[in-house]
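Take a look at the structure set out below.
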Amino acid sequence: MEPKHPMGYTFEPSPQDLIFYLEHKAVGNPSPTNGFIEECDLYNIDPDELFRGWKNYKVRNFYVKPEKKVKAGSRFCRRFGNKATWKGNNKGSPVYNLKGMVVGWKKNFTYTLINDNGGKKNNQSHGGYIMDE
Numbered sequence: 001m002e003p004k005h006p007m008g009y010t011f012e013p014s015p016q017d018l019i020f021y022l023e024h025k026a027v028g029n030p031s032p033t034n035g036f037i038e039e040c041d042l043y044n045i046d047p048d049e050l051f052r053g054w055k056n057y058k059v060r061n062f063y064v065k066p067e068k069k070v071k072a073g074s075r076f077c078r079r080f081g082n083k084a085t086w087k088g089n090n091k092g093s094p095v096y097n098l099k100g101m102v103v104g105w106k107k108n109f110t111y112t113l114i115n116d117n118g119g120k121k122n123n124q125s126h127g128g129y130i131m132d133e
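Here the sequence shown stands for residues 1 to 133, where the numbers follow full-length UniProt numbering.
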């Protein structure tokens, strides 16, 4: 369901804004985003489902808690079953606060289908879905 907001209002947070909201969420404070950022198990749902009912929006924001590939490791699993994966497009860029300190990283991913051929990825994007994390 699309969020309710005043006519003419758009929600276009900067990377710094998103980190601010995430910090509040992480410590259990209520989100001031009024439904524009919701929790989602992004890696277990087809992107087509994420935009159903949001036909007037090209961008959605989610709080996502990714799972690590290995409990003690530093890499995250971004695979959608055996069907697709979120393929990294870059190494990421730092997000700075107003004091010039790095407070996070912004990385870009494309939703990519997986071949039945030995699990190798093909280069076919599905629906043009791009994720900034």
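Cβ coordinates follow ideal geometry from the N, Cα and C atoms, glycine included.
As the structure is a computational prediction, the values presented were derived from the model and not from experiment.
Range of the contiguous beta strand (DSSP E) that encloses residue i
i	result
Tyr63	61-63
Tyr111	108-114
Glu38	37-39
Lys87	84-88
Cα-Cα separation between residue i and residue j, rounded to whole angstroms
i	j	result
Asn108	Tyr129	11 angstroms
Gly118	Tyr9	Only weak support exists for where Gly118 lies, its pLDDT of 49 falling under 50; the value from the coordinates is given anyway. Taking the straight line from one Cα to the other gives about 48 angstroms.
Glu12	Tyr96	18 angstroms
Ser14	Lys106	11 angstroms
Gly28	Gly73	25 angstroms
Phe20	Met131	19 angstroms
Lys69	Met7	43 angstroms
Lys25	Phe51	23 angstroms
Asn115	Phe80	13 angstroms
Gly100	Val59	27 angstroms
Leu113	Gly53	24 angstroms
Gly104	Glu133	10 angstroms
Leu98	Gln16	9 angstroms
For residue i, the three-state DSSP class (helix, strand or coil)
i	result
Ile45	coil
Pro94	strand
Phe11	coil
Lys68	strand
Tyr129	strand
Phe80	strand
Whole-angstrom C-beta distance between residue j and residue i, which should lie under 8 angstroms
i	j	result
Tyr111	Cys77	Rounded, the Cβ-Cβ distance is 15 angstroms, inconsistent with contact.
Asn61	Leu18	7 angstroms
Inset, instruction - Mind the definition here: the segment 62-79 touches the segment 32-46 only if three or more C-beta pairs lie below 8 angstroms; say whether that holds. - result: Contact holds: three or more Cβ-Cβ distances are below 8 angstroms.
Inset, instruction - Specify whether the segment 77-95 and the segment 42-49 touch according to this definition: at least 3 beta carbon pairs, one from each stretch, less than 8 angstroms apart. - result: Contact holds: three or more Cβ-Cβ distances are below 8 angstroms.
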